[in-house]
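Contents: one structure, followed by commentary.
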Amino acid sequence: MAAPILPGSTLGILGGGQLGRMFCVAARNMGYRLNVLDPDPDSPAGHIADEHIEAAYTDIKALDYMARSCDVISTEFENIPAESMRRLAQSKPVYPSAEVLEIAQNRNREKAFASKAGLTPAVNHPVVNEYDLEQAIKITGLPAILKTATLGYDGKGQYVVASLQQAQQAFRDCGAVECVLEKKIELKQEVSAIVARNQRGETAVYPVGENEHINGILHITIVPARVDEEIAGKARQQALQLVEELDYVGVLAVEFFIDSNNELLFNEMAPRPHNSGHYTKDACVTSQFEQQVRVICGLPPGDVSLISPVVMVNLLGDLWHPDWCMLLNEPNVKLHLYGKKQARPGRKMGHYNVLDSDVEGALKTARAVYSRLAEAQL
Numbered sequence: 462m463a464a465p466i467l468p469g470s471t472l473g474i475l476g477g478g479q480l481g482r483m484f485c486v487a488a489r490n491m492g493y494r495l496n497v498l499d500p501d502p503d504s505p506a507g508h509i510a511d512e513h514i515e516a517a518y519t520d521i522k523a524l525d526y527m528a529r530s531c532d533v534i535s536t537e538f539e540n541i542p543a544e545s546m547r548r549l550a551q552s553k554p555v556y557p558s559a560e561v562l563e564i565a566q567n568r569n570r571e572k573a574f575a576s577k578a579g580l581t582p583a584v585n586h587p588v589v590n591e592y593d594l595e596q597a598i599k600i601t602g603l604p605a606i607l608k609t610a611t612l613g614y615d616g617k618g619q620y621v622v623a624s625l626q627q628a629q630q631a632f633r634d635c636g637a638v639e640c641v642l643e644k645k646i647e648l649k650q651e652v653s654a655i656v657a658r659n660q661r662g663e664t665a666v667y668p669v670g671e672n673e674h675i676n677g678i679l680h681i682t683i684v685p686a687r688v689d690e691e692i693a694g695k696a697r698q699q700a701l702q703l704v705e706e707l708d709y710v711g712v713l714a715v716e717f718f719i720d721s722n723n724e725l726l727f728n729e730m731a732p733r734p735h736n737s738g739h740y741t742k743d744a745c746v747t748s749q750f751e752q753q754v755r756v757i758c759g760l761p762p763g764d765v766s767l768i769s770p771v772v773m774v775n776l777l778g779d780l781w782h783p784d785w786c787m788l789l790n791e792p793n794v795k796l797h798l799y800g801k802k803q804a805r806p807g808r809k810m811g812h813y814n815v816l817d818s819d820v821e822g823a824l825k826t827a828r829a830v831y832s833r834l835a836e837a838q839l
């Protein structure tokens, strides 16, 4: 086993958005240098890195420079081309691996792998062409959800269908690309488990978060999740099963549905820190971003104990520019902004965490602050 990569070394990150930025902040606090590869000249992570390589993720010269200048390389999102990761891995440790990214980039591969690891996705069937839809409907029943197999996030590329004709039209509307048809379940709750693993197989699983979405985008995460401990324990255990089966190194988020029968169903995974893990920045001994630094550098995972009940609320471009006093006048609210110059509806611009001795108290404050922010935009 290689020696740990210690402070003073240079860490590389592919992707310069808010996840990359928070990774850079954590790594800087620990004494590491940072190189960011991102084509955006206004990259939030690039602004605070030691070096911002402004180039495409497929740029050979840029990739080779990253390989020469960094001691270990990671990513902030899963849609980095796998071939770019393979090229980097020829000379430097790269986490997650190209093979993991290829699984996470395709819903059909992802669901098949999760099943192999012992998790239970909602009933589904791959759809490669329009002729597959009739057989898929026989498997899933109706209503169902047609999802594009790749590049779908924050509710994008998803169509609820109640007939074969609607499914056919949805397939055409999404460009007749590879899809998956998934049974529409009676949803009770959504939860996520964040797990970390290093090269030695040492793991740590964060407290399970309960998630609420608006228009397919995460709105709030409540921790501890208001679910039975049996369900929470099962989510943590299944997240561990997944990282072991993947031989994963890094931080992995695993999202689950809980249906009306209280069954835990695998939804998807994200091979990186995750929006639903932002609560860890203020409410856990070790944030998910410090954890990413630790495990890719071969260090033991940090303590993931919950210091305080917490509610995380996303701030989107829809609420820009808010009156910051509405947030900062609350003594138990922690504000985090991402350094993005342009606000757009649905774009994640920041978040805030509300800490309280009681999770219902945190939730009450979180919702009250959000309502004031929303009303101020009218």
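When the letters of the sequence shown are read in order and numbered with the working numbering, they come out as residues 462 to 839. Cβ atoms here follow ideal geometry from the backbone N, Cα and C, with glycine treated the same way.
- Across the structure, residue 720 and residue 686 are spaced so that their CA atoms are roughly 15 Å apart.
- Secondary-structure assignment with DSSP links residue 582 through a beta bridge to 727.
- Contact check for residue 568 against residue 599 fails: the beta carbons are separated by 9 Å or more.
- When C-beta atoms of the region 505-515 are compared with those of the region 464-477, three or more pairs fall below 8 Å, so the two segments count as touching.
- Residue 754 is not a Cβ neighbour of residue 538, given a cutoff of 9 Å.
- Within the same chain, and ignoring the five residues on either side of residue 798 in sequence, the residues whose Cβ sits closer than 6 Å to its Cβ are 811.
- At least 9 Å separates the beta-carbon of residue 666 from that of residue 683.
- Around the beta-carbon of residue 805, fewer than 16 other beta-carbon atoms lie within 10 Å, marking it exposed.
- Judged by DSSP in its simplified three-state form, residue 712 adopts strand.
- Under the 10 Å beta carbon count, residue 833 is surrounded by fewer than 16 other beta carbons and is classified as exposed.
- Here residue 775 is bridged, per DSSP, to 812.
- Within the same chain, and ignoring the five residues on either side of residue 543 in sequence, the residues whose Cβ sits closer than 7 Å to its Cβ are 559, 562 and 563.
- For the pair of segments examined, the region 485-498 was found to touch the region 744-764: the number of CB pairs separated by less than 8 Å reaches three.
- Proximity to residue 549 across 522, 570, 571 and 606 peaks at 522, based on C-alpha coordinates.
- Out of 807, 528, 668 and 731, the CA that lies nearest to the CA of residue 769 is found in 668.
- By the Cβ rule, the region 671-682 counts as touching the region 635-653, because three or more pairs are nearer than 8 Å.
- A buried status is given to residue 734, since no fewer than 16 other beta-carbon atoms sit within 10 Å of its beta-carbon.
- Shown here, residue 634 sits in a helix according to DSSP, grouped into three states.
- The C-beta distance from residue 767 to residue 744 rounds to 6 Å, short enough to fall under 8 Å.
- For residue 555, the CB contacts under 6 Å within the same chain, skipping 5 residues up- and downstream, are 534, 546 and 549 in chain order.
- In this structure, the straight-line span from the alpha carbon of residue 541 to that of residue 518 is close to 7 Å.
- Under DSSP, residue 522 forms no beta bridge with any residue.
- Contiguous alpha helix (DSSP H) elements confined to the region 624-704 occur at 625-634, taking only those with 4 or more residues.
- Non-local C-beta neighbours of residue 469 in its own chain, meaning closer than 8 Å and more than five positions away in sequence, comprise 492, 493 and 494, ordered along the chain.
- The beta-carbon distance between residue 552 and residue 471, rounded to whole angstroms, is 14 Å. This is too long to meet the 8 Å contact definition.
- According to DSSP, residue pairing for residue 536 in a beta bridge involves 475.
- With a contact defined as Cβ atoms closer than 8 Å, residue 696 and residue 642 miss out at about 25 Å.
- The continuous stretches of beta strand (DSSP E) do not include residue 837, which lies in the alpha helix (DSSP H) extending over residues 820-837.
- Residue 742 sits in a helix when the DSSP states are folded into three classes.
- Secondary structure note for residue 494: it is in no alpha helix (DSSP H), and the uninterrupted beta strand (DSSP E) holding it is 494-498.
- With a threshold of 16 other beta carbon atoms within 10 Å, residue 647 falls short and is exposed.
- Within its own chain, the residues whose Cβ lies closer than 6 Å to the Cβ of residue 779, once the five positions on either side in sequence are excluded, are 806, listed in chain order.
- Looking at the DSSP output, residue 737 bridges to nothing.
- Of the candidates 498, 581 and 515, the residue whose Cα lies closest to the Cα of residue 698 is 581.
- In the structure shown, residue 617 adopts coil according to DSSP, grouped into three states.
- Taking C-beta atoms as the reference points, residue 728 and residue 631 fail to come closer than 9 Å.
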